[in-house]
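Read the structure below first, then the notes.
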Amino acid sequence: MMGSMEERTMKRVLITGGSQGLGLSLARSFGKREAKVVVVARDAERLEASVRGLRKEGLDVQGIAFDVGSKEDIHRIAAMAEELAGPIDTLVHNASTLGPLPMPELSSLSCEAFQAVLETNLLGPFRLTKALLGSMALRPESSPTVLFVSSDAATSAYPGWGAYGVSKAAADHLMRSFAAEVPEVRFLSVDPGEMDTAMHRDAIPDADPATLARPDAVAEAIVGQVLPKAATGSRRLALGDA
Amino acid sequence: MSPATGPRAEGAPGPRILGVPGYEERAFEEFLRPGDLLVVNDAATLPASLFARFRGARLELRFVSPPEGRTARVLLFGAGDYHTRTEDRPAPPVLRPGDRLELRTSMARVTHVDPQFLRLLTVELDAPALQVAYAEGHPVQYAYIERPLDLWDVQTPLAGRPWAVEAPSASYMTSLPALRRLRAQGVSIATLTHAAGLSSTGDARLDAALPLAERYELPLATVAAVNLARTEGRRIVALGTTVARALEGNALRGGGQLEAGRFETDLRLGAASPLRVVSAIYTGVHEEGVSHFGLLEAFRPAGDLRHALEESERRGFLTHEFGDGWFVEAAAREVLPA
């Protein structure tokens, strides 16, 4: 049986892609539950502004500017996060890239662009999980959890979403594979649904925002409903599946 | 014996391990038995070597301990880099408080010069020193390593907080699957974080003073696990000398009792040291005469260790951090009430 929110620690949280959108909202949701949160993002200026905002809300959030898609940055991210927050018990792979915009069909996508999407959305999470896994597995009492933010595009194929969809489907399976191998740590993925975020505007500029979920509400559902209950190896919907 | 000249290749077998005494080779897991408590060091290794310029000269700084904020304790090396053996490096200039070294992304102002070892400095950087290290530093490495090490080469499978300036290399002997199999067989695992320091400076007088005081953190859960094992008379096995120093250093300060928390230890284990906690140790193979050999004399008489060296040589064992290892059982143990 999985423990309740109170039993799970979620005290030291690392979130990638945390300067805007769902990542920023997740930082707020964890922060409101008194976690020490470290967010990593590429854009140092935007990251600093976002972190300043969360700290003004009284939350214990710190930012580190690195690129999850860069192999050289992985141990920097892991080490700085462990130094700033202490041993990480919750790792959230939220950073991702859509690739070139507007999103081309696979027939027009360069191999290099496809590779870049995989670096950020698949290999980055693999490397960062690996870098933190030993320390997490040594602390079963902290209920260590690795959460992959997935997408509807991982299970359904849409024109233009090829590289992104493949990366998310593979990341889901990476999650399941880790879960099959490493029982000391819980691995989950969650499909947040369609949200009113910059990424969604990049992908579908003419979507009606009124039809989209608010990232704050999705983050609350993930941290408050999904995370306390979900079993390792499972893929969940953020809304309507809790 | 020859040194291992670099990280193990992908898919290559892990380190070979010789039991002392017994002098037979076994797999990592085969030295342990149900009931044993294995204590590991989960420190990650920071890029602790930084190049600096001072009045036109190119020098090297090596952090001797994890920095605190903008302050770092460093050891200064003269011109050159790891390709030259540390003992053959030219001496660095003698610096004074107030001198400023130019790093790539920061200045380093000397705030203190050790009166005994003039190469040992405290410096103040313009930014958090750990951040500067991760921006421009390289792993500390020695002349017997054939290629420049990447940061991932010096991380053990258990790495967490970046406290070590050289890898706590005994952890290369293990892996998550190995620890899982051990747990399933009734071996318990506990962790601590110990800031493994520099193993060599090239200065005989300073080398003789190593290891310098090192920071460690002992979690409550580990104190509880060790106390339970002591009460029940089960073996407590250290994965690496850093673990032994942390546990024995902690017991020494508490008069035999362990206390959870963050401390420093300057304990130098040797032939005369009683072992209050640790019953056996996994460790790398090192030649006689280095401080590491002295530490192992706390576990076995020098004759046993010399025999182990001969046996290791005969078997073609490799030395140093990427090399092979020993499992050394303590000859006698001071039993104190837990």
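Each protein sequence line maps, in turn, to chains A and B. First residue of the first sequence: -2, per my numbering; consecutive thereafter. First residue of the second sequence: 544, per my numbering; consecutive thereafter. For each residue, glycine too, the CB sits at the ideal point set by N, CA and C. Note that the structure is a prediction, hence the values are computed from the model and not measured.
- request: Compare the C-alpha of residue 219/A against each of 76/A, 89/A and 37/A and name the closest.
  value: By one-based count along the first sequence, residue 219/A stands at place 222. Among 76/A, 89/A and 37/A, the Cα nearest to that of residue 219/A belongs to 89/A.
field: Buried or exposed by the 16-neighbour rule on C-beta atoms within 10 Å, applied to residue 626/B
entry: Your numbering for residue 626/B matches position 83 in the second sequence. By the neighbour-count rule (16 or more Cβ atoms within 10 Å), residue 626/B is not buried but exposed.
- prompt: Which ranges would you report for the beta strand (DSSP E) in the region 560 to 647 of chain B if only whole runs of at least 3 residues count?
  reply: 560 to 563, 580 to 584, 592 to 597, 600 to 606, 614 to 620 and 643 to 645
task: Please name the residue, chosen from 59/A, 66/A and 53/A, that lies closest to residue 112/A on a Cα-to-Cα basis.
output: Here residue 112/A refers to the residue found at position 115 of the first sequence. Ranking 59/A, 66/A and 53/A by Cα distance to residue 112/A puts 66/A first.
- prompt: Helix, strand or coil: which one does DSSP assign to residue 658/B?
  reply: Numbered from its first residue, the second sequence carries residue 658/B at position 115. If DSSP states are grouped into helix, strand and coil, residue 658/B belongs with coil.
- prompt: For the region 19 to 72 of chain A, which segments carrying the beta strand (DSSP E) assignment without a break, of at least 3 residues, lie completely within its bounds, in sequence order?
  reply: 33 to 38 and 58 to 62
field: Local Cβ density within 10 Å of residue 838/B, reported as buried at 16 or more and exposed below that
entry: The sequence position of residue 838/B within the second sequence is 295, counting from 1. With 16 or more other Cβ atoms within 10 Å, it is buried.
field: Simplified DSSP assignment, three categories, for residue 782/B
entry: Looking up residue 782/B in the second sequence gives position 239. Three-state DSSP puts residue 782/B in a strand.
Cβ pair residue 762/B, residue 735/B closer than 8 Å: Numbered from 1 along the second sequence, position 219 holds the residue referred to as residue 762/B. Numbered from 1 along the second sequence, position 192 holds the residue referred to as residue 735/B. Going by C-beta atoms, residue 762/B is nearer than 8 Å to residue 735/B.
message: Extract the residue ranges of the beta strand (DSSP E) inside the region 183 to 237 of chain A, only unbroken runs of 3 or more that lie entirely within it.
response: 183 to 188 and 231 to 234
- prompt: If we count the other Cβ atoms within 10 Å of its Cβ and call it buried at 16 or more, is residue 698/B buried or exposed?
  reply: On the second sequence, residue 698/B is found 155 positions in, with the first residue counted as 1. Answer is buried; the Cβ neighbour count reaches 16.
query: Along the chain, where does the alpha helix (DSSP H) that runs through residue 142/A open and close?
result: Within the first sequence, residue 142/A is the residue found at index 145, counting from 1. Counting along the chain, residue 142/A falls outside any alpha helix (DSSP H), though it belongs to the beta strand (DSSP E) covering 142 to 146.
task: Compare the Cα-Cα distances from residue 680/B to each of 574/B, 649/B, 725/B and 815/B and report the closest residue.
output: Residue numbering aside, residue 680/B sits at position 137 when the second sequence is read from its first letter. For the residues 574/B, 649/B, 725/B and 815/B, the minimum Cα distance to residue 680/B belongs to 649/B.
- request: Tell me, please, whether the CB atom of residue 77/A is closer than 8 Å to any CB atom in chain B?
  value: As a first step, residue 77/A is located in the first sequence; it is residue number 80 there, counting from the start. By this cut-off, residue 77/A is an interface position.
message: Spatial neighbours of residue 141/A within its chain, please: C-beta separation below 6 Å, excluding the five flanking residues on both sides.
response: As a working mapping, residue 141/A is identified with position 144 in the first sequence. For residue 141/A, same chain residues with a beta-carbon under 6 Å away, outside a window of 5 residues either side, are 86, 133 and 182 in chain order.
query: From residue 852/B to residue 587/B, what does the alpha carbon distance come to, in whole angstroms?
result: As a first step, residue 852/B must be located in the second sequence, where it is residue number 309. As a first step, residue 587/B must be located in the second sequence, where it is residue number 44. Those two C-alpha atoms are separated by around 29 Å.
- request: Would you give the residue range spanned by the beta strand (DSSP E) that residue 735/B belongs to?
  value: Against the second sequence, residue 735/B aligns to sequence position 192. Here the beta strand (DSSP E) through residue 735/B covers 731 to 737.
task: For residue 310/A, name the three-state secondary structure that DSSP assigns.
output: This structure cannot speak to residue 310/A, because chain A is shown only from -2 to 239.
message: Let me confirm a value: residue 717/B is counted as buried when at least 16 other C-beta atoms fall within 10 Å, else exposed. Which label applies?
response: As a first step, residue 717/B must be located in the second sequence, where it is residue number 174. Burial state of residue 717/B is buried, judged by a 10 Å Cβ sphere holding 16 or more other Cβ atoms.
- prompt: How many whole angstroms separate the CB atoms of residue 120/A and residue 159/A, which I take to be in contact at a CB cut-off of 8 Å?
  reply: The residue given as residue 120/A occupies position 123 in the first sequence. The residue given as residue 159/A occupies position 162 in the first sequence. With 8 Å as the limit, residue 120/A and residue 159/A do not qualify as a contact, their Cβ atoms being about 17 Å apart.
- request: Out of 580/B, 550/B, 636/B and 631/B, point me to the one whose CA is closest to residue 602/B's CA.
  value: Along the second sequence, one-based indexing puts residue 602/B at 59. Minimum Cα distance to residue 602/B is reached at 636/B.
query: Count the other CB atoms within 10 Å of the CB of residue 765/B; is the residue buried (16 or more) or exposed (fewer)?
result: Here residue 765/B corresponds to residue number 222 of the second sequence, with the count starting at 1. Classification for residue 765/B: buried.
- prompt: Pairing CB atoms from the region 637 to 645 of chain B with CB atoms from the region 706 to 716 of chain B, are three or more of them under 8 Å?
  reply: no
task: Check whether the Cβ atoms of residue 189/A and residue 143/A lie closer than 8 Å to each other.
output: Working through the first sequence from its first residue, we reach residue 189/A at position 192. Working through the first sequence from its first residue, we reach residue 143/A at position 146. Contact: no.
- prompt: What residue from 659/B, 621/B and 869/B has the CA that sits closest to residue 780/B's CA?
  reply: Here the question's residue 780/B lines up with position 237 in the second sequence. Ranking the options by Cα distance to residue 780/B, first place goes to 869/B.
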